[in-house]
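Protein chains in written order, with my numbering: chain A, 1 to 411; chain B, 1001 to 1153.
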């Protein structure tokens, strides 16, 4: 298996709620152009493409083929990946397999979401409706009073149980979730590719937003965003030729537990706060990357957090702190851009959620920090040698992890 | 980026879907037993765990589950949330008439959690570990809604 590095990243010029000035394929082309511009490469340098977006959100089943000219894919191998919230990172992993296997040397990974073009029928219902069968088979009735528990506004219903469970086990309070959300909205204000920006966000301001389902407030929830992200991956030999700086993909893994709110593999069934798959995937990815002590060796993290509590919850699941420690680190200021272990300097998913891109952006943001190519003010102040990126989604129970480094893995 | 305008050409694509999924053999048996005010689960032959609602497989042991057991209708409140919005037509969000409680119930001698409405307890008085009992609808139809809610026992 060969080493694989990220040699370039491209974003759409903005991530906003409505890009009505372009259609889907046109919007995607902007990120492809940006990746070419940032690397000095052209279509002739790309051997194959992997494309990813959330299934059903715009009601399109074959967006990668619609956009095949826009992404300069004609005559080249291309496949689409759709694994729910984790799609962006799954697409990256598929690109990794392409290169690590020796089949292709340079691969472009393209992800997008243009949520403004689906309405709630084809967007929310589009992703929910196909899972109704799963819900019904697990005893969750959509037409009755418990429908919200399984689905609640996308995933806010199930996620509220998750947040409550996290608060119970960690000793954190709802005020810590307010504080985390405020921190990320302030980080987002420094990032030119973030959506919900508020340089003056405070926990008190977040606390004034209405409760959706206890303990989830409106201010804890991600927006719906239009945007696209591209990453270019290369083998070691090509990377040396094509790139001045490389962020190496040194470890990767994914893991699923049972469906819906469940976590069958961990004992107490259906506690959506357990997220044991994250621990399993993280352990494998660190091991592959040669990381022995994540708390010492990982310099920063980008954590998938459609809801603000998830950043804190997944910190211990990624072994970045002890089980009751994430909110303590938050209180000490250690999670800030200037802190000891900066988390989501980009502003996270809670500030920007073009879903297909969201899990890939966790990786590209780590890569840009490692390559020292962050645009905007959210460059962390310490040197970044190793970083961890995390994706979450599926039916509440699917996790992807990628460990990146400034040096390729030794073998 | 093109300069932003007031309007763009955006044709509406009217779609209206109806699906008719089969609920499956396991849930069908579970739902049918609701008509007799019984809560049925399945037991894993390897780890001995009992699942309600029933599942076909124990994912931990990779065992097919076919030992059916009737379980208690009492248990404890393992987790809860207070809903302030409701789903309309399976998709749209609307403000709830008043806050309502959803709980994950850990039935006695059952190893899974059952999602249910919780009534007769004010949101402020909710506590993890509270004893709960099942309350049935008056007219039973073999439907999810037969088990109406749980309330403090």
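Positions of the beta carbon are idealized from the N, C-alpha and C atoms, including for glycine.
- Annotation: the continuous beta strand (DSSP E) that includes residue 51 of chain A extends over 48 to 52.
- Pairing residue 385 of chain A with residue 1053 of chain B, the inter-Cα distance amounts to about 47 Å.
- By the C-beta criterion, the region 336 to 345 of chain A is judged not to be in contact with the region 200 to 207 of chain A, since fewer than 3 inter-stretch pairs fall below 8 Å.
- With fewer than 16 other Cβ atoms inside 10 Å of its own Cβ, residue 74 of chain A counts as exposed.
- In the same chain as residue 176 of chain A, and ignoring 5 residues on each side of it, the C-beta atoms closer than 7 Å to its own belong to 312, 327, 330, in chain order.
- Taking C-alpha positions only, residue 1066 of chain B is separated from residue 1042 of chain B by approximately 6 Å.
- Nearest Cα to residue 167 of chain A within the set B/1117, B/1094, B/1123, B/1079: B/1079.
- Residue 1128 of chain B belongs to the set of residues whose beta carbon lies under 9 Å from a beta carbon in chain A.
- Contact between the region 374 to 393 of chain A and the region 346 to 364 of chain A is established, with three or more Cβ pairs separated by less than 8 Å.
- The C-beta of residue 358 of chain A comes no closer than 9 Å to any C-beta of chain B.
- The beta carbon of residue 1102 of chain B sits closer than 9 Å to some beta carbon of chain A.
- The C-beta distance from residue 281 of chain A to residue 1082 of chain B rounds to 32 Å, too long to meet the 8 Å contact threshold.
- Under the three-state reduction of DSSP, residue 310 of chain A is assigned to helix.
- Within the region 5 to 18 of chain A, 13, 14 place their CB atoms closer than 8 Å to a CB of chain B, listed in sequence order.
- Membership of residue 331 of chain A in the alpha helix (DSSP H) is indicated by the continuous run 326 to 331.
- Residue 189 of chain A and residue 285 of chain A have their C-alpha atoms some 31 Å from each other.
- Close CB contacts of residue 192 of chain A within its chain, under the 7 Å cut and outside five residues either way in sequence, are with 375, 376 (chain order).
- According to DSSP, residue 1149 of chain B shares a beta bridge with B/1135.
- Taking all protein chains in view, the Cβ of residue 322 of chain A is surrounded by fewer than 16 other Cβ atoms within 10 Å, so the residue is classified as exposed.
- Taking the beta carbon of residue 1107 of chain B as reference, no residue of chain A falls within 9 Å; the closest one sits roughly 12 Å away.
- For the region 188 to 221 of chain A, the set of residues with a beta-carbon nearer than 9 Å to any beta-carbon of chain B comprises 210, 211, 212, 213, 214, 215, 216, in chain order.
- Collapsing the DSSP output to three states places residue 104 of chain A in coil.
- Nearest CB-CB separation between residue 1141 of chain B and chain A: not below the 9 Å threshold.
- In terms of Cα proximity to residue 411 of chain A, the closest of A/39, A/294, A/236 is A/236.
- Taking a cut-off of 8 Å for Cβ pairs, the region 342 to 352 of chain A and the region 220 to 232 of chain A touch, as three or more such pairs fall below it.
- Residue 79 of chain A is a Cβ neighbour of residue 94 of chain A, given a cutoff of 9 Å.
- Counting only residues of its own chain and dropping the five nearest sequence neighbours on each side, residue 12 of chain A has a CB closer than 7 Å to the CB of 27, 30, 31, 227, 228.
- Contact annotation for residue 20 of chain A against chain B: 1008 [CB-CB distance below 7 Å, chain order].
- Counting only Cβ-Cβ distances below 7 Å, residue 161 of chain A has contacts in chain B at 1079, 1081, 1104, in chain order.
- DSSP places residue 11 of chain A within a strand segment (E or B) once states are collapsed to three.
- In this structure, DSSP gives residue 1046 of chain B a state outside helix and strand, which the three-state scheme calls coil.
- Between the beta-carbon of residue 249 of chain A and that of residue 96 of chain A there is about 6 Å, and that keeps the pair under the 8 Å contact cut.
- Residue 1044 of chain B and residue 215 of chain A have their C-alpha atoms roughly 34 Å apart.
- The beta-carbon of residue 52 of chain A is placed no less than 9 Å from the nearest beta-carbon of chain B.
- If you look at residue 214 of chain A, you'll find it isn't in any alpha helix (DSSP H); DSSP assigns it neither H nor E.
- For residue 247 of chain A, the uninterrupted beta strand (DSSP E) segment begins and ends at 247 to 256.
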